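Student: Mind looking over this structure? Questions follow.
6 protein chains.
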Amino acid sequence: MKPGPKSQREKHGRGARATILAFGAHPDDIEFGCGGVIAKETRAGRAAHFVICSRGEASSHGKPAQRVAEAKKSAGLLGATVEFIKLDGDAHLEVCVAYAIKLAGIIRRMRPGIVLAPSLVENQHPDHPRLGRLVRDACRLARYGGVKELRRWPAHAIEQLFYCAVTPEAEPPDITPVLIDVSAPDVLRAWTSAMEAHASQAAARNYVELQLTRARLRGLRAGCGHAIALFPNDLLVLDSLAHAGRGARQF
Amino acid sequence: MKPGPKSQREKHGRGARATILAFGAHPDDIEFGCGGVIAKETRAGRAAHFVICSRGEASSHGKPAQRVAEAKKSAGLLGATVEFIKLDGDAHLEVCVAYAIKLAGIIRRMRPGIVLAPSLVENQHPDHPRLGRLVRDACRLARYGGVKELRRWPAHAIEQLFYCAVTPEAEPPDITPVLIDVSAPDVLRAWTSAMEAHASQAAARNYVELQLTRARLRGLRAGCGHAIALFPNDLLVLDSLAHAGRGARQF
Amino acid sequence: MKPGPKSQREKHGRGARATILAFGAHPDDIEFGCGGVIAKETRAGRAAHFVICSRGEASSHGKPAQRVAEAKKSAGLLGATVEFIKLDGDAHLEVCVAYAIKLAGIIRRMRPGIVLAPSLVENQHPDHPRLGRLVRDACRLARYGGVKELRRWPAHAIEQLFYCAVTPEAEPPDITPVLIDVSAPDVLRAWTSAMEAHASQAAARNYVELQLTRARLRGLRAGCGHAIALFPNDLLVLDSLAHAGRGARQF
Amino acid sequence: MKPGPKSQREKHGRGARATILAFGAHPDDIEFGCGGVIAKETRAGRAAHFVICSRGEASSHGKPAQRVAEAKKSAGLLGATVEFIKLDGDAHLEVCVAYAIKLAGIIRRMRPGIVLAPSLVENQHPDHPRLGRLVRDACRLARYGGVKELRRWPAHAIEQLFYCAVTPEAEPPDITPVLIDVSAPDVLRAWTSAMEAHASQAAARNYVELQLTRARLRGLRAGCGHAIALFPNDLLVLDSLAHAGRGARQF
Amino acid sequence: MKPGPKSQREKHGRGARATILAFGAHPDDIEFGCGGVIAKETRAGRAAHFVICSRGEASSHGKPAQRVAEAKKSAGLLGATVEFIKLDGDAHLEVCVAYAIKLAGIIRRMRPGIVLAPSLVENQHPDHPRLGRLVRDACRLARYGGVKELRRWPAHAIEQLFYCAVTPEAEPPDITPVLIDVSAPDVLRAWTSAMEAHASQAAARNYVELQLTRARLRGLRAGCGHAIALFPNDLLVLDSLAHAGRGARQF
Amino acid sequence: MKPGPKSQREKHGRGARATILAFGAHPDDIEFGCGGVIAKETRAGRAAHFVICSRGEASSHGKPAQRVAEAKKSAGLLGATVEFIKLDGDAHLEVCVAYAIKLAGIIRRMRPGIVLAPSLVENQHPDHPRLGRLVRDACRLARYGGVKELRRWPAHAIEQLFYCAVTPEAEPPDITPVLIDVSAPDVLRAWTSAMEAHASQAAARNYVELQLTRARLRGLRAGCGHAIALFPNDLLVLDSLAHAGRGARQF
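Residue numbers (our numbering), protein chains in the order written: chain A, 1 to 251; chain B, 1001 to 1251; chain C, 2001 to 2251; chain D, 3001 to 3251; chain E, 4001 to 4251; chain F, 5001 to 5251.
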């Protein structure tokens, strides 16, 4: 058993203002998977940073340079900063400890409150669950004081890791999600624009419609316009029932 | 498909001040199952009301009059009001529509935000899951405008139904719970006193230790002193990630 | 263990031409839950018959007479015949053997191949899973030679029982569904009209949008326009992989 | 929460010699579901008693008098005593508290160590899971000191409740079973004879082959001739790993 | 998110005549796991091709040359062609992207409709779930236009991936299988001969009996002689309920 | 499909006296996860051997030399022998076939009856589930006669593999555990001392309290003082119901 350092949250109080750190395997994954949540949080004054782990080199549509440009434009529309890192490349990602440690280094550098990663469901693009597993392990390694490769930065404990499902198949059947209301017109507009900014992909297939249909269906259930599901990796600890929101039971 | 009336919450804003309505099959179920949550919420200024559906007539220990007195004392310690209703009696509860409607009437009368009920897991005292099912259906029937027996009160949509597990076996394996931190000394003290107020039961078996051990184990996981798990019946809809609390990942 | 009579299918070959028998708890449940499937099958020459078990007396919107008229119009648009039966009434349905036997009598009288019923998931309108359980048991009792109340008709074994989910919450998490493509323009049009024929409900809430959004999301996954999920009660027995259709893996 | 009396086992040491009490909904259920286990235990000197809750009146084959005679013969071949009780009759069983109390009375009278009942899986003959639920609740009510209808007998806590699956569909997917080796020639022979003694049923369908095929398949997995799966209602508490048997991992 | 090319099925209509491509980790896995399905489909005029990924070098019985000869003979009896590929060797298979791409190349070359692979359940021979995962990812990579190593062949989208369970432990608990009736005498005979052709294995342990017992048990449930379960990776999309077969509900 | 050699148990009778072999990823995992079970078994005369796969180099607290010394002292207190092996080091463990074969070699050398390993649940310290998977595969490879690297030792089939959960999050939700009573005062004392012997860890966080709280909670459920849960990898095969222990149903 490995101990972790004291939670930052315990030291600094509520983590509500801490940066959101989102990881994507491909240039468009974050936007398609949870762009509306990012738009909402940045509009509420929270910082968001994207780490993208390939340039979409294996895609049927769009060249890497174009994909990178689209991702930068899209992140901007969502109010997020973005960086690209090199792992094995699109459709070639492997799970190995060295990569988890590399991502843990980014976590220690950025010191986020909430981390977002693709879900672990295996029956989707293979890069997605592999990145999800790397991020999950990275969040843990970032806490361990004795990992040599990470000594450059102080240990860091995040507040929560949420998975998002880039496609419907990727929704984890064994985690009860929370729904985030993304119905505010400016939020929905920013999210839609961010998805459309991935023009090479949006032109090839109806990805934008897929995501808006998913969000509308959740919104109908939640009694709002559109909503996005996030799947917590760890049990939610609430200070009060007053923060438990309402239940999605419109029908 | 049955429509429901507009959520009260939509009309009146945040339901954080609405009454908490808790149902128990026996005089001590609410206290043992989630008394710490009640203590915390009433100390934060929220009203709580208990509806107890038997007087413990089939118990191995304690006579009905004593059980009722213990429950009243205990509710007082938790800052809650209490009422007793008559269904089939202890160890004899049946599920039938008439009872669900009766409970729906109480819901319409009390107009709670959050409702608490015993979990639906069947391998526990048979009265518990039966009451849980009655309450779940009652929450729904309270919304339907056309139920004749309920016309006396306007329809009411609750914010959320949470199940609590009176014993460890009763924890639903298919719902991810939320944890409520009940570590504040006055909260923990009030909860403990409320459990001990059920003296006929506490003398017969180590119920109080059982509940405090459960809460301590969850507290250790959550990085706080003690915590209680509540199991939401419907997906949580959050306005922002800032309300998502932190994850329970202390080890 | 109870034996059943020889399957009709074994006697008469392929059951593809046998009647589809659909049960609904309320006047609009069949249309909202699986109307597109009915439209498709009747257009392919198969007979469909609806059995509706209440007149929507407890609904917030629409009087019983209007609800019945809407259901008749709607069934007509789908090419189905319809009958109303009296059980306990809307929002009052109980599960009891006498009702299962009553439904088994209808099954023996109609001798369907495929039977459709609301799913057994409990967290929906309480009448839905109760009717689902009654139909499931009825399909079984219809097979048993010695049930006295049923001696009027010869025993009958159906081909398959499929559950449908009237709302998203009602989708059974433990059964892998099959998707039926309902994208053909005349099918989609008939289904939409049939839903809109329930004018008292469609005016009150966005039920039609809910169902079309669900079907569009499934269609996007399946690589077609719209699709409806049906949840088989028993394992599918296929004569050949050539009948296994294709997999839903569009993204 | 309801306390239970001190376990008999704690008072009298190992319950290995206590009676096995098996409940069946129909005259042949116990034999087809777990007859091999009964044969093995009675041959090892343990007493077994059967409680049969109908006379098979709704069966396609065999008259009640014949069914009763077959059951008596069969129980004798397994070394068990048998009694018939009257509930609602074959294919008509309802779940109600009065029946659970009636069965609890039998449990208090017989004071068994292990109780056997049909599994709770709903997609089988409806009488089976209903009886299973009644027995489960009865085992609990037998422990509660204050149930008036049961005051005639002292409270009794059983050692364990195991479910058996009369048909493959009835195997509970959420309980890890234990396998009991029934390969000894005299055990297998007694079981087979007991099943064949239900001549009215064995003649109508290949029930005997079904059960022997199931047991052979489990035996192949367990590395023995034939084995029967039992599904414990509560976690097994073992005094030592030396009693944990071996794992079924032959292939 | 990665787009895929247009389904071949959409271009060429029904894929019923497309080749079946089956992958096995060891020379006998395909025959023992789903040989009866292959026999049935080839007898109906469909082509089948086997890809075997080791020569059984780590087996307790049989030398590689003998194992290869047995596999060739067996494939012939089933009407299938066969090729051997070299990965890490028996009991040494690792999961890596390069292997998934290698298998994707075979899929692009063979352009199958249906693909068969060992299931992903981990508690079986470790090579089996690893090959299953490689094949699953390969089916996906074969669709992606931009994977450099695959540019030699046009992208290809299969119809469906089915998993088969070589042993009972390997049956995935979370996928509802479909059953394929393999009772026709010539089919059952061909399958049995194909299994017996693996003489080195059949002599060492009762593998043939294991598989025939499994198939007989499923056949009893399905109301036919013998049946084999296949576990679809993706939801089945059916054109009509007329193709949904019948349900397995014989008992 | 791979055959295995004859079980040792079949050759030598009851494996109750065979060595227990426990694997830990870090110097304290075995003690914290299942030390009480070890203490109980060694006190009953069974041999126990620990294989520890790192020296805790990445820990926040304690240097490797100290960790090793603590582990040796702790094993001694539990009556077990201990060896350290070198894989990738703490927080760096990878899953690969070479390691599984290395562990299989240890299994062949030690010829244990029962093997203990950390559970496969992924959301814990990443080394834990990886070691669990390596051990699971090693138990299988140890049976296969043809694995070249293992020819030095005769093949060996273990009796059972049990997983233990080092932290509450690590408890596998899909396996029903067995509970081992560790309440005997000398057993509980030895376990507590063994945990406290890991002074570098015990000083940093309340690990000892965590484990004793978990064991007490299980003990309360089981009707004894303290109990530890073990999760069997394969179905338990029991010779008789007399060995099935009692059920945990104290509340």
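Note that the Cβ used here is the ideal one computed from N, Cα and C, for glycine as well. Since we're looking at a predicted model, the values are computed, not measured.
Thinking just about the alpha-carbon of each residue, which of Leu-4236(E), Cys-4053(E) and Arg-4216(E) is nearest to the one in Pro-4129(E)?
Tutor: Translated into positions along the fifth sequence, residue 4129(E) becomes position 129. Cα-wise, what sits closest to Pro-4129(E) is Cys-4053(E).
Student: So, at 8 Å on beta carbons, what are the nonlocal neighbours of Gln-2160(C) in its own chain, with the 5 sequence-adjacent residues on each side left out?
Tutor: Residue 2160(C) sits at position 160 when you count from the first residue of the third sequence. Shown here for Gln-2160(C): same chain residues with a beta carbon closer than 8 Å to its own, the five before and five after excluded, namely Gly-2113, Ile-2114, Val-2115, Pro-2232, Asn-2233, Asp-2234 and Leu-2236 in chain order.
Student: Please list the partners that Asp-4146(E) has in chain A, where partner means a Cβ-to-Cβ separation under 7 Å.
Tutor: Indexing the fifth sequence from 1 puts residue 4146(E) at position 146. The amino acid occupying residue 4146(E) in the given sequence is Gly; Asp does not appear at that position. Within chain A, the residues near Gly-4146(E) are Glu-57, Ala-58, Ser-59 and Ser-60.
Student: Output the residue ranges of the alpha helix (DSSP H) runs that lie fully inside the segment 5010-5058 of chain F and measure 4 residues or longer, sorted by chain position.
Tutor: For the alpha helix (DSSP H) assignment, the uninterrupted runs of no fewer than 4 residues enclosed by the segment 5010-5058 of chain F are, from N- to C-terminal side, 5029-5043.
Student: Can you give me the Cβ contacts of Gly-13(A) inside the same chain, cut-off strictly under 8 Å, excluding the 5 residues immediately before and after it?
Tutor: Stepping through the first sequence from its first residue, residue 13(A) is reached at position 13. Because Gly-13(A) carries a pLDDT of 36, less than 50, the predicted location of this residue cannot be relied on, and the following value inherits that uncertainty. Result list for Gly-13(A): empty, nothing under 8 Å.
Student: Should the segment 3069-3076 of chain D be called in touch with the segment 3028-3047 of chain D, which here means at least 3 C-beta pairs below 8 Å?
Tutor: At 8 Å Cβ cutoff, the stretches touch.
Student: If you check the beta carbons only, do Arg-2214(C) and Phe-2251(C) fall under 8 Å apart?
Tutor: Working through the third sequence from its first residue, we reach residue 2214(C) at position 214. Working through the third sequence from its first residue, we reach residue 2251(C) at position 251. Contact flag unset, no.
Student: Assign Gly-3045(D) to buried or exposed, taking buried as 16 or more other Cβ atoms, counted over all protein chains shown, within 10 Å of its Cβ.
Tutor: As a first step, residue 3045(D) must be located in the fourth sequence, where it is residue number 45. With fewer than 16 Cβ atoms within 10 Å of its Cβ, Gly-3045(D) is classed as exposed.
Student: Looking only at C-alpha atoms, which of Ser-2200(C), Val-2051(C), Met-2110(C) and Leu-2179(C) sits nearest to Ser-2060(C)?
Tutor: As a first step, residue 2060(C) must be located in the third sequence, where it is residue number 60. Among Ser-2200(C), Val-2051(C), Met-2110(C) and Leu-2179(C), the Cα nearest to that of Ser-2060(C) is on Ser-2200(C).
Student: Taking only three categories from DSSP, how would you classify Leu-4087(E)?
Tutor: As a first step, residue 4087(E) is located in the fifth sequence; it is residue number 87 there, counting from the start. Reduced to three states, the DSSP call for Leu-4087(E) is coil.
Student: Output the distance between the C-alpha atoms of Ser-7(A) and Thr-192(A), rounded to the nearest integer angstrom.
Tutor: Mapped onto the first sequence, residue 7(A) falls at position 7. Mapped onto the first sequence, residue 192(A) falls at position 192. With a pLDDT of only 42 at Ser-7(A), under the threshold of 50, the placement of this residue in the model should not be trusted; the figure read from the coordinates follows. Rounded to whole angstroms, Ser-7(A) to Thr-192(A) spans 36 Å at the Cα level.
Student: Between which two residues does the alpha helix (DSSP H) holding Tyr-1163(B) run?
Tutor: Here the question's residue 1163(B) lines up with position 163 in the second sequence. Following the DSSP letters along the chain, one finds Tyr-1163(B) in no alpha helix (DSSP H) but inside the beta strand (DSSP E) bounded by residues 1160-1164.
Student: Would you identify the three-state DSSP class for Ala-4227(E), choosing helix, strand or coil?
Tutor: Here residue 4227(E) refers to the residue found at position 227 when the fifth sequence is read from its first residue. Ala-4227(E): strand per DSSP, three-state reduction.
Student: Is there contact here, the segment 4124-4142 of chain E with the segment 4088-4107 of chain E, by at least three beta-carbon pairs under 8 Å?
Tutor: yes
Student: Could you tell me the distance, in whole angstroms, from the CA atom of Ile-4085(E) to the CA atom of Val-4051(E)?
Tutor: Your numbering for residue 4085(E) matches position 85 in the fifth sequence. Your numbering for residue 4051(E) matches position 51 in the fifth sequence. Between Ile-4085(E) and Val-4051(E), the C-alpha separation is close to 7 Å.
Student: Mapping the DSSP letters down to three states, classify Ile-3175(D) as helix, strand or coil.
Tutor: Taking the first residue of the fourth sequence as 1, we reach residue 3175(D) at position 175. Correct three-state label for Ile-3175(D): coil.
Student: Under 8 Å Cβ to Cβ from Ala-3244(D), same chain only, skipping five residues before and after it: list those, please.
Tutor: Start at 1 with the first residue of the fourth sequence, and residue 3244(D) comes out as number 244. Leu-3238, listed in sequence order.
Student: Do Ser-3119(D) and Ala-3170(D) come within 8 Å of each other at the CB atom, strictly closer than that value?
Tutor: Here residue 3170(D) is taken as the residue at index 170 of the fourth sequence, counted from 1. Here residue 3119(D) is taken as the residue at index 119 of the fourth sequence, counted from 1. Yes; because the gap between Cβ atoms is below 8 Å, this pair is in contact.
Student: Measure from the C-beta of Phe-4023(E) to each C-beta in chain D and report whether the shortest distance is under 8 Å.
Tutor: Counted from its first residue, the fifth sequence places residue 4023(E) at position 23. It does not: the Cβ of Phe-4023(E) has no partner Cβ on chain D nearer than 8 Å.
Student: What are the residues of the segment 3163-3193 of chain D that lie near chain F, defined by any Cβ-Cβ distance shorter than 8 Å?
Tutor: Ile-3175, Thr-3176, Pro-3177, Val-3178, Leu-3179, Ile-3180 and Asp-3181
Student: What separation, rounded to the nearest whole angstrom, lies between the Cα atoms of Lys-1002(B) and Cys-5164(F)?
Tutor: As a first step, residue 1002(B) is located in the second sequence; it is residue number 2 there, counting from the start. As a first step, residue 5164(F) is located in the sixth sequence; it is residue number 164 there, counting from the start. The pLDDT assigned to Lys-1002(B) is 44, lower than 50, so where the model puts this residue is not dependable; a value taken from the coordinates is nonetheless given after this. One C-alpha to the other measures close to 48 Å.
Student: If distances are taken between C-alpha atoms only, which option among Arg-2246(C), Leu-2141(C) and Leu-2230(C) comes closest to Cys-2034(C)?
Tutor: On the third sequence, position 34 is the one that residue 2034(C) refers to. For Cys-2034(C), the nearest C-alpha among the options comes from Leu-2230(C).
Student: Apart from the five residues just before and just after Leu-3078(D), which ones in its own chain have a Cβ nearer than 8 Å to its Cβ?
Tutor: Numbered from 1 along the fourth sequence, position 78 holds the residue referred to as residue 3078(D). Around Leu-3078(D): Glu-3031, Gly-3035, Ile-3038, Ala-3039, Thr-3042, Ala-3048, Ala-3190, Trp-3191 and Ala-3194.
Student: Could you check the C-alpha separation between Arg-1017(B) and Asp-1127(B) for me, to the nearest Å?
Tutor: Taking the second sequence and counting its residues from 1, one reaches residue 1017(B) at position 17. Taking the second sequence and counting its residues from 1, one reaches residue 1127(B) at position 127. Distance between the alpha carbons of Arg-1017(B) and Asp-1127(B) is about 30 Å.
Student: Have a look at Arg-4151(E) and Ile-20(A) and give me their C-alpha separation to the nearest angstrom.
Tutor: By one-based count along the fifth sequence, residue 4151(E) stands at place 151. By one-based count along the first sequence, residue 20(A) stands at place 20. Approximately 38 Å between the Cα atoms of the pair.
Student: Is the beta carbon of His-2156(C) sitting closer than 8 Å to the one on Ala-2142(C)?
Tutor: As a first step, residue 2156(C) is located in the third sequence; it is residue number 156 there, counting from the start. As a first step, residue 2142(C) is located in the third sequence; it is residue number 142 there, counting from the start. Result yes, Cβ atoms of His-2156(C) and Ala-2142(C) sit closer than 8 Å.
Student: Is Pro-129(A) helix, strand or coil by DSSP?
Tutor: Numbered from its first residue, the first sequence carries residue 129(A) at position 129. Looking at Pro-129(A) - three-state DSSP - the assignment turns out to be helix.
Student: Comparing alpha-carbon positions, which option in Ile-180(A), Leu-188(A), Asn-206(A) and Val-68(A) lies nearest Phe-162(A)?
Tutor: What you label residue 162(A) is simply residue 162 of the first sequence in a count that begins at 1. For the residues Ile-180(A), Leu-188(A), Asn-206(A) and Val-68(A), the minimum Cα distance to Phe-162(A) belongs to Ile-180(A).
Student: May I ask you to list the residues that DSSP assigns as paired with Ile-5180(F)?
Tutor: Counted from its first residue, the sixth sequence places residue 5180(F) at position 180. Beta-bridge pairing links Ile-5180(F) to Leu-3238(D) and Ile-5228(F).
Student: For Ala-1248(B) and Ile-1228(B), what's the separation of their Cα atoms in angstroms?
Tutor: Position 248 of the second sequence, counting from 1, holds the residue named residue 1248(B). Position 228 of the second sequence, counting from 1, holds the residue named residue 1228(B). When rounded, the distance between both Cα atoms is 12 Å.
Student: Going by Cα to Cα distance, which pick from Asp-2088(C), Pro-2172(C) and Ile-2106(C) is closest to Val-2082(C)?
Tutor: In the third sequence, residue 2082(C) corresponds to position 82, counting from 1. Per the Cα distances, Ile-2106(C).
Student: For the segment 2199-2214 of chain C, list every residue whose C-beta sits within 9 Å of some C-beta in chain A, in sequence order.
Tutor: For the segment 2199-2214 of chain C, the beta-carbon criterion of a distance under 9 Å to any beta-carbon of chain A is satisfied by Arg-2205, Asn-2206, Tyr-2207, Glu-2209, Leu-2210, Thr-2213 and Arg-2214.
Student: Can you grab the Cα-Cα spacing for the pair Ala-197(A) / Ala-69(A), in whole Å?
Tutor: The sequence position of residue 197(A) within the first sequence is 197, counting from 1. The sequence position of residue 69(A) within the first sequence is 69, counting from 1. Taking C-alpha positions only, Ala-197(A) is separated from Ala-69(A) by approximately 9 Å.
Student: Please look up how many angstroms separate the CB atoms of Ala-1058(B) and Asp-1090(B), rounded, as I've assumed it's under 8 Å.
Tutor: Position 58 of the second sequence, counted from the first residue, corresponds to residue 1058(B). Position 90 of the second sequence, counted from the first residue, corresponds to residue 1090(B). With a Cβ gap of about 4 Å, Ala-1058(B) and Asp-1090(B) count as contacting.
Student: When you compare the CB of Leu-217(A) with every CB in chain C, is at least one pair closer than 8 Å?
Tutor: Along the first sequence, one-based indexing puts residue 217(A) at 217. Judged by the 8 Å Cβ criterion, Leu-217(A) is in contact with chain C.
Student: Compare the C-beta of Arg-5140(F) with all C-beta atoms of chain E and state if any pair is closer than 8 Å.
Tutor: If you number the sixth sequence from 1, residue 5140(F) lands on position 140. For Arg-5140(F), the answer is yes, since a Cβ of chain E falls inside 8 Å of its Cβ.
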